[in-house]
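Chains as they are written, first to last, in full-length UniProt numbering: chain U, 1 to 107; chain P, 1 to 628.
Worksheet: the structure to be examined is printed underneath.
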Amino acid sequence: MSVTLSESAARRVNAFLAQRGKGIGLRLAVKTSGCSGMAYALEFVDRQEADDLTFESHGVTVLVDPKSHVYLDGTELDFVREGLNEGFKFHNPNVKDQCGCGESFNV
Amino acid sequence: MALLQISEPGRSAAPHQHRLAVGIDLGTTNSLVASVISGSAAVIPDADGRMLLPSVVRFRANGEVTTGHAALAHQSEDPLNTVSSAKRLMGRGLADVERDGHVVPYRLLDAPGMVRVDTVAGARSPVEIGAEVLRTLRERAEASLGGALVGAVITVPAYFDDAQRQATKDAARLAGLDVLRLLNEPTAAAIAYGLDNAAEGVYAVYDLGGGTFDISILKLARGVFEVLATGGDAALGGDDFDRRVVAWARTEVGLGQPSTQDLQTLYARCRAAKEALSGTDRAVIRVPMGADDPVDLILSRETFVTLTQDLVERTLKPARRALRDAGLAAEDIRGVVLVGGATRMPHVRAAVAKCFGREPLTNLDPDQIVALGAAMQANVLAGNRGEDDWLLLDVIPLSLGLETMGGLMEKIIPRNSTLPVARAQEFTTFKDGQTAMAIHVLQGERELVADCRSLAQIELHGIPPMVAGAARIRVTFQVDADGLLSVSAREQSSGVEAAVVVKPSYGLTDAQIASMLEDSHARAEEDLQLRMVREAQVDARRLLDATEAALAEDGQALLSPPERAAIARAMYALGELLEVHSPESLAALRQATDGLNRATTEFAARRMNAGVQRAFSGQRLDQLEQLV
Numbered sequence: 001m002s003v004t005l006s007e008s009a010a011r012r013v014n015a016f017l018a019q020r021g022k023g024i025g026l027r028l029a030v031k032t033s034g035c036s037g038m039a040y041a042l043e044f045v046d047r048q049e050a051d052d053l054t055f056e057s058h059g060v061t062v063l064v065d066p067k068s069h070v071y072l073d074g075t076e077l078d079f080v081r082e083g084l085n086e087g088f089k090f091h092n093p094n095v096k097d098q099c100g101c102g103e104s105f106n107v
Numbered sequence: 001m002a003l004l005q006i007s008e009p010g011r012s013a014a015p016h017q018h019r020l021a022v023g024i025d026l027g028t029t030n031s032l033v034a035s036v037i038s039g040s041a042a043v044i045p046d047a048d049g050r051m052l053l054p055s056v057v058r059f060r061a062n063g064e065v066t067t068g069h070a071a072l073a074h075q076s077e078d079p080l081n082t083v084s085s086a087k088r089l090m091g092r093g094l095a096d097v098e099r100d101g102h103v104v105p106y107r108l109l110d111a112p113g114m115v116r117v118d119t120v121a122g123a124r125s126p127v128e129i130g131a132e133v134l135r136t137l138r139e140r141a142e143a144s145l146g147g148a149l150v151g152a153v154i155t156v157p158a159y160f161d162d163a164q165r166q167a168t169k170d171a172a173r174l175a176g177l178d179v180l181r182l183l184n185e186p187t188a189a190a191i192a193y194g195l196d197n198a199a200e201g202v203y204a205v206y207d208l209g210g211g212t213f214d215i216s217i218l219k220l221a222r223g224v225f226e227v228l229a230t231g232g233d234a235a236l237g238g239d240d241f242d243r244r245v246v247a248w249a250r251t252e253v254g255l256g257q258p259s260t261q262d263l264q265t266l267y268a269r270c271r272a273a274k275e276a277l278s279g280t281d282r283a284v285i286r287v288p289m290g291a292d293d294p295v296d297l298i299l300s301r302e303t304f305v306t307l308t309q310d311l312v313e314r315t316l317k318p319a320r321r322a323l324r325d326a327g328l329a330a331e332d333i334r335g336v337v338l339v340g341g342a343t344r345m346p347h348v349r350a351a352v353a354k355c356f357g358r359e360p361l362t363n364l365d366p367d368q369i370v371a372l373g374a375a376m377q378a379n380v381l382a383g384n385r386g387e388d389d390w391l392l393l394d395v396i397p398l399s400l401g402l403e404t405m406g407g408l409m410e411k412i413i414p415r416n417s418t419l420p421v422a423r424a425q426e427f428t429t430f431k432d433g434q435t436a437m438a439i440h441v442l443q444g445e446r447e448l449v450a451d452c453r454s455l456a457q458i459e460l461h462g463i464p465p466m467v468a469g470a471a472r473i474r475v476t477f478q479v480d481a482d483g484l485l486s487v488s489a490r491e492q493s494s495g496v497e498a499a500v501v502v503k504p505s506y507g508l509t510d511a512q513i514a515s516m517l518e519d520s521h522a523r524a525e526e527d528l529q530l531r532m533v534r535e536a537q538v539d540a541r542r543l544l545d546a547t548e549a550a551l552a553e554d555g556q557a558l559l560s561p562p563e564r565a566a567i568a569r570a571m572y573a574l575g576e577l578l579e580v581h582s583p584e585s586l587a588a589l590r591q592a593t594d595g596l597n598r599a600t601t602e603f604a605a606r607r608m609n610a611g612v613q614r615a616f617s618g619q620r621l622d623q624l625e626q627l628v
């Protein structure tokens with residue numbers, strides 16, 4: 001199994017990385033915080049950790065630490081526009097329920 | 001679900017703890033809002049994708065306020081109530097504005113401290129007008145970023161004095177924005193440039209905006225920005241170029257006194273011609289002639305340059321002076337950054353190139369660069385610090401001092417001192433037995449008090465009677481990171497103190513700001529009351545109609561004449577109240593509605609019984625059961 005990006009998400013990530021001028025990829029992670037147990041984190045990566053799992057998706061290197069991978073396996077990251085707002089969205093098959101705003105979730 | 005943005009490594013925000021901060025370039029002609037999104041600064045467009053918000057506010061008689069493009073569209077037809085270039089009025093008195101030679105198409109009123117604009121919705125201060133623009137930008141940012149803002153960095157011309165800075169801060173407060181910091185526009189431009197290009201050395205920022213001109217000499221070294229010197233002209237900008245073209249067009253066609261609307265149209269067309277001339281050699285201006293046919297004029301770039309070259313020259317004097325203040329020669333400048341839409345004019349670029357002996361840098365959009373830099377600063381101040389920590393040093397644009405005997409200005413803090421700064425100086429009494437001292441706080445470079453700007457008058461009382469020259473009064477000037485000043489005076493031997501916070505001289509006190517805020521809250525309450533009255537009236541109307549219908553149907557059969565009279569009285573009492581539209585009528589309205597309800601309870605019960613009897617009479621029980 002793996003963690004993937006949609007094509008539009010990959011395009012955006014590449015554009016952001018280019019603007020930033022450095023970084024080797026994108027890190028997807030899960031943190032134990034938030035109103036419904038877990039929260040997603042999305043960060044640029046400058047340094048790969050030894051135990052990171054890496055995936056290639058549409059030309060972007062995606063890094064996930066093994067602990068987060070348990071919760072993220074099968075996830076697709078999408079980039080969407082909702083009205084004036086645009087940003088990244090997790091399509092995570094492991095999620096049982098999430099808080100009203102969707103920033104944190106339960107598995 | 002909420003949309004996520006990419007963070008710097010190790011800096012992911014916990015859920016519900018996003019610290020959204022924006023940078024706002026509150027311009028004379030146009031304003032922008034920008035924010036750091038996924039690690040890079042970007043200008044936030046409106047719903048139609050437009051980046052620039054015209055700094056125009058239109059007031060309607062019904063209290064409606066429109067801003068931006070919507071307001072600009074009506075400027076020609078409604079010039080008196082459509083306020084543009086309000087930044088030039090910010091923190092200024094009517095005398096200041098008239099001395100600067102600003103011609104505005106709307107009516108100005110003299111008011112204590114700061115000028116007011118006379119609109120159909122009442123007198124509006126520049127602070128309130130600026131607040132409308134800021135509110136629009138705040139709402140745009142909140143809709144786009146998806147949350148409330150923790151604060152904003154707002155840029156001001158480096159040449160803005162204390163009153164103008166305070167007025168800008170007040171406008172932000174009225175707009176519901178927490179001001180993280182006021183930032184000089186050229187400094188913001190340097191932040192955008194310096195970080196984007198990581199270039200070290202000394203730079204000049206040449207900012208010719210719609211209404212103001214600023215020149216700053218900045219030193220960038222190892223991520224530290226230091227402003228070496230600033231200068232400029234608070235009353236020179238792209239608008240002046242427009243005015244020259246308008247004056248030329250009027251002379252060319254012999255236009256006497258055009259209507260306000262024609263004048264507005266002419267301004268818009270001259271501005272368009274000016275912008276076109278940055279790319280072409282000739283532009284056509286269609287001059288409206290009132291009832292007669294419009295006349296087409298051709299403006300060549302040559303003519304345009306002749307008309308406006310002296311304005312361009314006027315920018316070079318402060319530029320040279322800033323260089324001198326910084327102790328540098330033109331060769332020491334590694335690059336010149338252009339800011340402001342007016343720097344797109346080729347003869348401006350040529351003059352800058354000649355003055356500094358090098359081609360100016362133009363690879364960032366001159367309209368956006370200030371907002372982008374402000375957004376980066378806001379991002380840092382909001383606590384979303386990236387790994388590139390940087391510190392920003394700013395300077396005061398004008399010397400601060402006080403009046404001494406003979407109407408002379410004694411400078412306490414010289415201009416271009418690095419902020420924040422505190423300086424103290426000792427003064428003494430002038431006469432034997434003198435027990436009080438007036439301290440007149442001034443801002444400016446001139447020697448005579450009359451030529452400087454008066455910021456405040458404070459008095460120190462309770463000095464012990466001593467011979468002249470024996471008292472030691474220590475006056476401390478303190479300027480915070482926003483460039484705002486506080487002054488305190490203390491008599492050393494007795495310890496008496498005048499704990500004084502200098503109020504900018506335009507006269508809007510904190511209490512007045514607070515009362516304006518309260519006013520808007522109070523009106524919200526009133527609106528709610530009126531809404532409740534309206535709702536109660538609708539209920540009452542429904543009840544009256546139902547009662548009327550019921551009376552017409554069963555009134556004769558089910559009610560005795562006295563009972564009918566009682567209901568009629570209750571109906572009349574309620575009907576009268578329907579005509580009253582004041583918040584106070586709510587209680588009476590509810591009472592009368594209850595009254596009518598009570599008066600008709602018995603009637604309603606009898607109608608119900610009669611209806612049931614009608615339905616049941618002549619029916620057999622088993623048939624009824626089938627029905628049920």
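Yeah, the Cβ is synthetic: ideal placement off N, Cα and C, and Gly gets one too.
### Message
Whether or not the region 332-340 of chain P and the region 365-372 of chain P are in contact is what I'm after, with contact meaning three or more pairs of Cβ atoms, one per stretch, closer than 8 Å; do they touch?
### Response
Contact check between the region 365-372 of chain P and the region 332-340 of chain P: three or more CB pairs, one atom from each, fall below 8 Å, which counts as touching.
### Task
Return the chain-ordered list of same chain residues with a C-beta closer than 6 Å to the C-beta of A438(P), the five sequence neighbours on each side being excluded.
In the second sequence, residue 438(P) corresponds to position 438, counting from 1. Once the five neighbours on either side are set aside, the close Cβ partners of A438(P) are E459.
### Query
Whose C-beta lies closer than 7 Å to the C-beta of I37(P) among residues of the same chain, with five residues either side of it excluded?
Residue mapping note: residue 37(P) aligns to position 37 of the second sequence, counting from 1. If we look at I37(P) and ignore the five residues flanking it on each side, its Cβ neighbours are Q5.
### Query
Looking at the structure shown, is P66(U) part of a helix, part of a strand, or coil, going by DSSP?
Along the first sequence, one-based indexing puts residue 66(U) at 66. Note: P66(U) maps to helix in three-state DSSP.
### Query
So, are the CB atoms of A375(P) and A131(P) less than 9 Å apart?
Here residue 375(P) refers to the residue found at position 375 of the second sequence. Here residue 131(P) refers to the residue found at position 131 of the second sequence. Contact flag unset, no.
### Query
Would a check of beta-carbon distances place D272(P) closer than 9 Å to chain U?
Along the second sequence, read from residue 1 onward, the residue named residue 272(P) stands at position 272. For the record, residue 272(P) in the displayed sequence is Ala; it is not Asp. For A272(P), the answer is no, since every Cβ of chain U falls outside 9 Å of its Cβ.
### Task
Answer with buried or exposed for K169(P), where buried requires no fewer than 16 other C-beta atoms within 10 angstroms of its C-beta.
Translated into positions along the second sequence, residue 169(P) becomes position 169. Around the beta carbon of K169(P), 16 or more other beta carbons lie within 10 angstroms, which makes this residue buried.
### Message
Distance check for S278(P) and P346(P), CA to CA, integer angstroms please.
### Response
Along the second sequence, read from residue 1 onward, the residue named residue 346(P) stands at position 346. Along the second sequence, read from residue 1 onward, the residue named residue 278(P) stands at position 278. Cα to Cα, P346(P) sits roughly 6 Å from S278(P).
### Query
Quick one: any contact between the region 152-160 of chain P and the region 175-187 of chain P, if contact means 3 or more CB pairs under 8 Å?
yes
### Message
For a test of the three-state rule: what should DSSP assign to M466(P), helix, strand or coil?
### Response
Reading the second sequence from its first residue, position 466 is the one you call residue 466(P). DSSP places M466(P) in coil when its eight states are reduced to three.
### Query
Where does P561(P) land, buried or exposed, given buried means 16+ other C-beta within 10 angstroms?
Taking the second sequence and counting its residues from 1, one reaches residue 561(P) at position 561. P561(P) is exposed by the Cβ-count criterion.
### Query
The alpha helix (DSSP H) with P288(P) in it runs from where to where?
Translated into the one-based positions of the second sequence, residue 288(P) becomes position 288. No alpha helix (DSSP H) holds P288(P); the beta strand (DSSP E) holding it covers R282 to M289.
### Task
Return yes when the Cβ of F213(P) is within less than 9 Å of the Cβ of L228(P), no when it is not.
Counting from 1 along the second sequence, the entry for residue 228(P) is found at position 228. Counting from 1 along the second sequence, the entry for residue 213(P) is found at position 213. For L228(P) and F213(P), no; Cβs fall outside 9 Å.
### Message
Can you tell me whether E497(P) is buried or exposed? The criterion is at least 16 other CB atoms within 10 Å of its CB, across all chains shown.
### Response
The residue labelled residue 497(P) in the question sits at position 497 within the second sequence. With fewer than 16 Cβ atoms within 10 Å of its Cβ, E497(P) is classed as exposed.
### Task
Put H461(P) into one of helix, strand or coil per three-state DSSP.
One-based indexing of the second sequence puts residue 461(P) at position 461. Reduced to three states, the DSSP call for H461(P) is coil.
### Task
Report yes or no: is there a C-beta of chain P within less than 9 Å of the C-beta of K67(U)?
Locating residue 67(U) in the first sequence gives position 67, counting from the first residue. It does not; no Cβ of chain P falls within 9 Å.
### Task
Mind checking who L401(P) pairs with in its DSSP beta bridge?
On the second sequence, residue 401(P) is found 401 positions in, with the first residue counted as 1. Going by the sequence as given, residue 401(P) is Gly instead of Leu. Looking at the DSSP assignment, G401(P) forms a beta bridge with K411(P) and L442(P).
### Query
Taking the C-alpha atoms as reference points, what is the distance between E576(P) and L558(P)?
Residue mapping note: residue 576(P) aligns to position 576 of the second sequence, counting from 1. Residue mapping note: residue 558(P) aligns to position 558 of the second sequence, counting from 1. Those two C-alpha atoms are separated by around 26 Å.
#### Entry: Those residues which DSSP pairs with I215(P) across a bridge
For the purposes of this step, residue 215(P) is taken as residue 215 along the second sequence, with counting starting at 1. Per DSSP, Y206(P) and G231(P).
### Query
Of all Cβ atoms in chain U, is any one closer than 9 Å to the Cβ of G146(P)?
For this step, residue 146(P) is matched to residue 146 along the second sequence. Yes, G146(P) lies at the interface with chain U (some Cβ there is under 9 Å from its Cβ).
#### Entry: Minimum C-alpha distance to I24(U) - residue among L77(U), F44(U) and K31(U)
Your numbering for residue 24(U) matches position 24 in the first sequence. Per the Cα distances, F44(U).
### Query
DSSP on R50(P), reduced to helix/strand/coil?
What you label residue 50(P) is simply residue 50 of the second sequence in a count that begins at 1. In the structure shown, R50(P) sits in coil (DSSP, three-state: anything other than H, G, I, E or B).
### Task
Could you say if the region 51-58 of chain P and the region 69-87 of chain P meet the contact criterion of at least three C-beta pairs nearer than 8 Å?
Taking a cut-off of 8 Å on C-beta distances, the region 51-58 of chain P touches the region 69-87 of chain P, as three or more cross pairs fall below it.
### Query
Per the contact definition of three or more C-beta pairs closer than 8 Å, is the region 101-121 of chain P in contact with the region 78-89 of chain P?
yes
### Message
If I follow the unbroken beta strand (DSSP E) through T155(P), where does it start and stop?
### Response
As a working mapping, residue 155(P) is identified with position 155 in the second sequence. It spans L149 to V156 - the beta strand (DSSP E) in which T155(P) sits, taken as one unbroken run.
#### Entry: Minimum Cβ-Cβ distance from A41(U) to chain P less than 9 Å
The residue labelled residue 41(U) in the question sits at position 41 within the first sequence. Closer than 9 Å: yes.
### Task
Below 6 Å CB to CB, which residues in the same chain sit around G401(P) once its five sequence neighbours on both sides are set aside?
On the second sequence, residue 401(P) is found 401 positions in, with the first residue counted as 1. The answer, listed in chain order, is M409, E410, K411, I412 and L442.
### Query
Listed from N- to C-terminal order along the chain, which residues in the region 80-94 of chain U have their beta-carbon within a distance smaller than 8 Å of any beta-carbon of chain P?
So the close ones are V80, E82, G83, L84, N85, E86, G87, F88, K89 and F90.
#### Entry: Any chain P beta carbon closer than 9 Å to D51(U)
One-based indexing of the first sequence puts residue 51(U) at position 51. No - not a single Cβ of chain P is within 9 Å of the one on D51(U).
### Of the listed residues T429(P), A436(P), H461(P) and G495(P), nearest to A468(P) (C-alpha basis)
Your numbering for residue 468(P) matches position 468 in the second sequence. Selected option, being the one with the closest Cα: T429(P).
### Message
Let me make sure I understand the geometry here. Which of F79(U), V3(U) and N92(U) has the alpha-carbon closest to that of A15(U)?
### Response
Here residue 15(U) corresponds to residue number 15 of the first sequence, with the count starting at 1. Minimum Cα distance to A15(U) is reached at F79(U).
### Message
With three or more C-beta pairs closer than 8 Å as the rule, is the region 108-117 of chain P touching the region 325-339 of chain P?
### Response
no
### Task
Tell me whether R314(P) sits in a helix, a strand or coil according to DSSP, three-state version.
As a working mapping, residue 314(P) is identified with position 314 in the second sequence. If DSSP states are grouped into helix, strand and coil, R314(P) belongs with the helices.
#### Entry: Backbone secondary structure at G23(P) - three-state DSSP
As a working mapping, residue 23(P) is identified with position 23 in the second sequence. DSSP places G23(P) in strand when its eight states are reduced to three.
### Bridge-paired residues (DSSP) for R474(P)
Counting from 1 along the second sequence, the entry for residue 474(P) is found at position 474. R474(P) pairs with E426(P) and R490(P).
### Query
Contact check, G373(P) vs A190(P) under 8 Å by CB: the rounded distance?
The residue given as residue 373(P) occupies position 373 in the second sequence. The residue given as residue 190(P) occupies position 190 in the second sequence. Between A190(P) and G373(P) the Cβ distance is about 7 Å, and since that is below 8 Å, they are a contact.
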